[in-house]
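Asks: I am attaching a structure below and will ask some questions about it afterwards.
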Amino acid sequence: MKAKTAIKLLVLLALVFLVLPPALLAAHGDKKPMKKGILLVAFGTTVPEAQISYDNIERSVKKTFPGVPVRWGYTSRTIIRKMAEKGKHLATPEEALSSMMRENFTHVAVQSLHVMPGAEFHGLVKNVQRFAGMSKGLKKVIVGDPLMTTSEDVQRVAETLLKIIPPERRKTDAVVFMGHGT
Numbered sequence: 001m002k003a004k005t006a007i008k009l010l011v012l013l014a015l016v017f018l019v020l021p022p023a024l025l026a027a028h029g030d031k032k033p034m035k036k037g038i039l040l041v042a043f044g045t046t047v048p049e050a051q052i053s054y055d056n057i058e059r060s061v062k063k064t065f066p067g068v069p070v071r072w073g074y075t076s077r078t079i080i081r082k083m084a085e086k087g088k089h090l091a092t093p094e095e096a097l098s099s100m101m102r103e104n105f106t107h108v109a110v111q112s113l114h115v116m117p118g119a120e121f122h123g124l125v126k127n128v129q130r131f132a133g134m135s136k137g138l139k140k141v142i143v144g145d146p147l148m149t150t151s152e153d154v155q156r157v158a159e160t161l162l163k164i165i166p167p168e169r170r171k172t173d174a175v176v177f178m179g180h181g182t
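Heads up, the final residue of the sequence shown is numbered 182 in this note's numbering, and it's a clean run with no missing numbers.
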């Protein structure tokens, strides 16, 4: 009788350890269960109307990646300071990644919303690489390129912009596209 009970117990234990999700067992030792997140990084804005664009981007990302938490980081120290003066805290990418580490994220996709790879973007990449190298940090961090990184990207953007020029304009009407930054 005791032998049957012992065998049943061993079979039950074997099944439990085979069936339990790895995430539950990963708490033992230094292994963490996988937790994915997205960090959107922008220069920032103090203009409420421009914030609508950021809100739309976040909505689109959440719709495309349902269930994946989205955080924000801003690269402009001037924007961060001005918003702090108005009582609103904006995290830097480094602060956002630190928070994500404390929240046990293991895999983070950092998507730059910069238009082109200038000084802000290169600083972002350099700092993100530091987080990827921490021993108890994030297991994997990747950085997505800005909108116009390659000459092919620039060509696609130019073609898209040409499509939004109002068709009813006269040939002598000026069309101005403006960018700002590095």
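C-beta atoms are modelled at their ideal positions from N, C-alpha and C, and glycine is treated no differently. This structure is a prediction, so every number in the text was calculated from the model and none was measured.
Please classify Val47 as buried or exposed, where buried requires at least 16 other C-beta atoms within 10 Å of its C-beta.
Replies: By one-based count along the sequence shown, residue 47 stands at place 47. Flag for Val47 reads exposed.
Asks: What residues match up with Gln155 in a beta bridge as DSSP calls it?
Replies: The count along the sequence shown starts at 1 and reaches residue 155 at position 155. None; Gln155 has no bridge partner.
Asks: For Leu147, which residues from the same chain have a beta carbon less than 6 Å from its beta carbon, with the 5 sequence-adjacent residues on both sides left out?
Replies: Along the sequence shown, one-based indexing puts residue 147 at 147. For Leu147, same chain residues with a beta-carbon under 6 Å away, outside a window of 5 residues either side, are Val115 in chain order.
Asks: For Thr75, is the classification buried or exposed, using 16 other Cβ atoms within 10 angstroms of its Cβ as the cut-off for buried?
Replies: In the sequence shown, the residue the question calls residue 75 occupies position 75. Label assigned to Thr75: buried.
Asks: Exposed or buried, Thr172, counting other C-beta atoms within 10 Å across all chains shown (16 or more means buried)?
Replies: Residue 172 sits at position 172 when you count from the first residue of the sequence shown. By the neighbour-count rule (16 or more Cβ atoms within 10 Å), Thr172 is not buried but exposed.
Asks: Beta-carbon within less than 6 Å of Val143's beta-carbon, same chain only, minus the 5 sequence neighbours each way: which residues are those?
Replies: If you number the sequence shown from 1, residue 143 lands on position 143. Correct list, in chain order: Val110, Val125 and Val128.
Asks: Evaluate Ser151 with the Cβ neighbour count: other Cβ atoms within 10 Å of its Cβ, from every protein chain shown; 16 or more gives buried, anything less gives exposed.
Replies: Working through the sequence shown from its first residue, we reach residue 151 at position 151. By the neighbour-count rule (16 or more Cβ atoms within 10 Å), Ser151 is not buried but exposed.
Asks: What's the call for Glu103, buried or exposed, on a 16-neighbour Cβ count within 10 Å?
Replies: Locating residue 103 in the sequence shown gives position 103, where the first residue counts as 1. Exposed.
Asks: Is Ala42 helix, strand or coil by DSSP?
Replies: Within the sequence shown, residue 42 is the residue found at index 42, counting from 1. Three-state DSSP puts Ala42 in a strand.
Asks: According to DSSP, which residues form a beta bridge with Lys36?
Replies: By one-based count along the sequence shown, residue 36 stands at place 36. Paired residues: His107.
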